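Participant: Take this structure, written in structure tokens, and hold onto it; I'll ask about it next.
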Amino acid sequence: VANPVVILIIVTVVVTYLARRRRFGRYVYAIGGNPEAAELGGINTRRTIMMTFVLMGVLCAVAGAVQTARLNAAVTNLGIQNELDVISAAVIGGTSFAGGIGTISGAVLGAVVMQSLRSGMVLLRIDSPSQDIVVGIVLVTAVSIDSALRLNRRRTAMISLAVGLVLAAFIIQTGRQ
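Residues in the sequence shown are numbered consecutively from 20, following our numbering.
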């Protein structure tokens, strides 16, 4: 097993433990769901948000160290233009734009799905602009399904999924030609 995979598993386990079993994690979910209610509930929101940014900085440092070790060089522009993939991975993993919903394991699973989608499109020799369109369609579809399910509209969610799949298939087909 490659070292980056081992590090990913360790980080996932530690952060999942923090999110599910520690007060800090519950505070983060509470602030994500409703910051005003969390403040009224006695949570020091400024401190919790600051600690969350510190944790994200540490995780970014770990990711940078892993990438530097993997490439045997420090690349300053690595990951530029990956915003669409990252947001799509989070939403596919179950994170809600409304906030307060999502899991670490879901985000990791979403990242695996997005990387598999990108790798598959590269193997199919789909051009880069068409790949971005497909990822955008996946994102819009995932957000539509999330919104519909939050409103208990299962039929709308199924229609969104069907439309997204048809559009993605069309773009993939035209991108290959």
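Just so you know, even glycine gets a beta-carbon here, dropped at the ideal spot from N, CA and C. For clarity, every value in this text was computed on a predicted model and none was experimentally measured.
Measure how close the beta-carbons of Gly76 and Ala108 come, nearest whole angstrom, since I'm counting them as under 8 Å.
Facilitator: Not a contact, Cβ separation roughly 20 Å.
Participant: Which of the three DSSP states is assigned to Val81 in this structure?
Facilitator: Helix.
Participant: If contacts are defined as beta-carbon pairs under 8 Å, then Ile123 and Val34 qualify, I think. What distance do you get, rounded to the angstrom?
Facilitator: Confirmed, about 5 Å.
Participant: How many angstroms separate the CA atom of Val162 from the CA atom of Phe116?
Facilitator: Going by the C-alpha atoms only, they are around 8 Å apart.
Participant: Please state whether DSSP places Thr122 in a helix, a strand or coil.
Facilitator: If DSSP states are grouped into helix, strand and coil, Thr122 belongs with coil.
Participant: Please confirm whether Val85 and Pro23 have their CB atoms less than 8 Å apart.
Facilitator: Yes, Cβ-Cβ distance for Val85 and Pro23 is below 8 Å.
Participant: Have a look at Glu205 and Ala167 and give me their C-alpha separation to the nearest angstrom.
Facilitator: Shown here, the chain extends from 20 to 196; a query on residue 205 therefore has no answer.
Participant: For Thr71 and Gln192, what's the separation of their Cα atoms in angstroms?
Facilitator: Cα to Cα, the separation comes out at about 42 Å.
Participant: If you check the beta carbons only, do Arg178 and Val153 fall under 8 Å apart?
Facilitator: One detail in the question is off: residue 178 reads as Ile in this sequence, not Arg. No, they are not a contact pair.
Participant: Three-state secondary structure (DSSP) at Asn171?
Facilitator: Reduced to three states, the DSSP call for Asn171 is coil.
Participant: On the CB-based measure, 16 or more other CB atoms within 10 Å of its CB, does Gly183 come out buried or exposed?
Facilitator: By the neighbour-count rule (16 or more Cβ atoms within 10 Å), Gly183 is buried.
Participant: Along the chain, where does the alpha helix (DSSP H) that runs through Arg25 open and close?
Facilitator: The displayed chain sequence assigns Val, not Arg, to residue 25. It spans 22-40 - the alpha helix (DSSP H) in which Val25 sits, taken as one unbroken run.
Participant: Which same chain residues end up closer than 8 Å to Val110 when comparing Cβ atoms and leaving out the 5 residues on each side of it in sequence?
Facilitator: Here the set comprises Phe116, Gly129, Leu158, Ala161, Val162, Asp165.
Participant: Taking the straight line between their C-alpha atoms, what separation do you get for Gly52 and Arg45?
Facilitator: So the alpha carbons of these two residues sit roughly 11 Å apart.
Participant: Please classify Leu97: does DSSP put it in a helix, a strand, or coil?
Facilitator: In this structure, Leu97 counts as coil in the three-state DSSP scheme.
Participant: Examine the ligand NAD and report whether any of its heavy atoms sits within less than 7 Å of the Cβ of Arg66.
Facilitator: This structure lacks the ligand NAD; in fact it carries no ligand of any kind.
Participant: Tell me where the alpha helix (DSSP H) around Ser107 begins and ends.
Facilitator: Note, Ser107: alpha helix (DSSP H), 102-111.
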